[in-house]
Amino acid sequence: RKEVEQDPGPFNVPEGATVAFNCTYSNSASQSFFWYRQDCRKEPKLLMSVYSSGNEDGRFTAQLNRASQYISLLIRDSKLSDSATYLCGEPDSWGKLQFGAGTQVVVTP
Amino acid sequence: GAGVSQSPSNKVTEKGKDVELRCDPISGHTALYWYRQSLGQGLEFLIYFQGNSAPDKSGLPSDRFSAERTGGSVSTLTIQRTQQEDSAVYLCASSPGANEQFFGPGTRLTVL
Chain Z
64 RKEVEQDPGP
74 FNVPEGATVA
84 FNCTYSNSAS
94 QSFFWYRQDC
104 RKEPKLLMSV
114 YSSGNEDGRF
124 TAQLNRASQY
134 ISLLIRDSKL
144 SDSATYLCGE
154 PDSWGKLQFG
164 AGTQVVVTP
Chain G
2 GAGVSQSPSN
12 KVTEKGKDVE
22 LRCDPISGHT
32 ALYWYRQSLG
42 QGLEFLIYFQ
52 GNSAPDKSGL
62 PSDRFSAERT
72 GGSVSTLTIQ
82 RTQQEDSAVY
92 LCASSPGANE
102 QFFGPGTRLT
112 VL
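One line per chain: the protein sequences are Z and G, in this order.
The C-terminal residue of the first sequence carries number 172 in the numbering used here, and the numbering is unbroken.
The C-terminal residue of the second sequence carries number 113 in the numbering used here, and the numbering is unbroken.
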């Protein structure tokens, strides 16, 4: 079983709608998680860090469910520019950040 | 700039040749990672350096791949006797510790 798992999608979202997707993790002791976005042929860029129950930054909300060992990312009022692959990262027991394979989001006009 | 830099940005080589890819991490970051990403695929972990500890080489796909980090700063990833399946984007990232990583723009390697 992979340490970090994500639904690959694609999630096709009408512009203005809300989309949410999850990332499951296996290290129950993890204290921090990270969401990155990666545009086509670009490097991943940090979107949000999650250190406690969740985090919110504008239209983006991350929530942590420790009991079920997953974090979610919710995007409200989707913009065309939100189209990207969203990667979830979790440090392992030695501090090495591990990534899921990513969830593709496609926002359509 | 203060970000992670990588060179070259693109590298085209012939099968069987050796290549060296360079990464300059953010100053002061103790952790440095190398990843490989094929088109449309996720990040494939290659190697991890943390401070003065022995590197975690568990992701290197074969003994043709090696990496070093000199003086706790610049890192070089070397691929010997390149094969066509080595063609990918090689990404470097640095981190101040067990925290968020900051990625460089990558080196696109094409093996003919």
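Every residue gets a Cβ at the ideal spot worked out from N, C-alpha and C, and that includes glycine.
Just so you know, these numbers come straight off a predicted model, no measurement behind them.
Beta-carbon neighbours of residue i, restricted to chain Z and to distances below 7 Å
i: residue 49 of chain G; result: 159
i: residue 110 of chain G; result: In chain order: nothing, as chain Z lies at least about 14 Å away.
i: residue 107 of chain G; result: 106
i: residue 92 of chain G; result: 106
Exposure label - residue i; buried when at least 16 CB within 10 Å
i: residue 84 of chain G; result: exposed
i: residue 17 of chain G; result: exposed
i: residue 147 of chain Z; result: buried
i: residue 49 of chain G; result: buried
i: residue 87 of chain Z; result: buried
i: residue 149 of chain Z; result: buried
i: residue 166 of chain Z; result: buried
i: residue 7 of chain G; result: buried
i: residue 69 of chain Z; result: buried
Proximal residues of chain Z, C-beta to C-beta of residue i below 8 Å
i: residue 96 of chain G; result: 160
Residue i - containing beta strand (DSSP E), residue span
i: residue 153 of chain Z; result: 147–154
i: residue 24 of chain G; result: 20–25
i: residue 128 of chain Z; result: 123–128
i: residue 77 of chain Z; result: 74–77
i: residue 93 of chain G; result: 89–96
i: residue 118 of chain Z; result: 117–120
i: residue 110 of chain Z; result: 108–113
i: residue 55 of chain G; result: That residue, residue 55 of chain G, is in no beta strand (DSSP E); it is neither H nor E in DSSP.
i: residue 12 of chain G; result: 11–14
i: residue 168 of chain Z; result: 166–171
i: residue 32 of chain G; result: 32–38
Contact set between residue i and chain G, taken where Cβ atoms lie within less than 7 Å
i: residue 107 of chain Z; result: 104
Residue-level contact to chain B via CB, residue i, 7 Å cutoff
i: residue 165 of chain Z; result: No chain B is part of this structure, whose protein chains are labelled Z and G.
Partners in chain Z for residue i, counting only beta-carbon separations shorter than 9 Å
i: residue 33 of chain G; result: Chain Z residues near residue 33 of chain G: none, gap ~11 Å exceeds 9 Å.
Notebook entry, point to check: Looking at C-beta atoms only, is the number of pairs between the segment 57–71 of chain G and the segment 99–108 of chain G that lie closer than 8 Å three or more?
Noted result: With the cut-off at 8 Å, the segment 57–71 of chain G and the segment 99–108 of chain G do not touch.
### Query
Residues in the segment 109–127 of chain Z with C-beta within 9 Å of chain G's C-beta atoms, listed in sequence order?
Against chain G - using a Cβ distance shorter than 9 Å - the residues of the segment 109–127 of chain Z are 109 and 112.
Tell me which residues of the segment 37–66 of chain G have at least one Cβ-Cβ distance to chain Z shorter than 8 Å, keeping chain order. Look at the segment 37–66 of chain G: the residues with a C-beta under 8 Å from a C-beta of chain Z are 42, 43, 44, 46, 49, 51 and 57.
- Message: Would you call the segment 69–80 of chain G in contact with the segment 147–162 of chain Z, where contact means no fewer than 3 C-beta pairs closer than 8 Å?
- Response: No, the segment 69–80 of chain G does not touch the segment 147–162 of chain Z.
**Request:** Say whether the segment 8–15 of chain G touches the segment 82–102 of chain Z, bearing in mind that this needs 3 or more beta-carbon pairs closer than 8 Å, one atom from each stretch.
**Result:** Contact fails: fewer than three Cβ-Cβ distances are below 8 Å.
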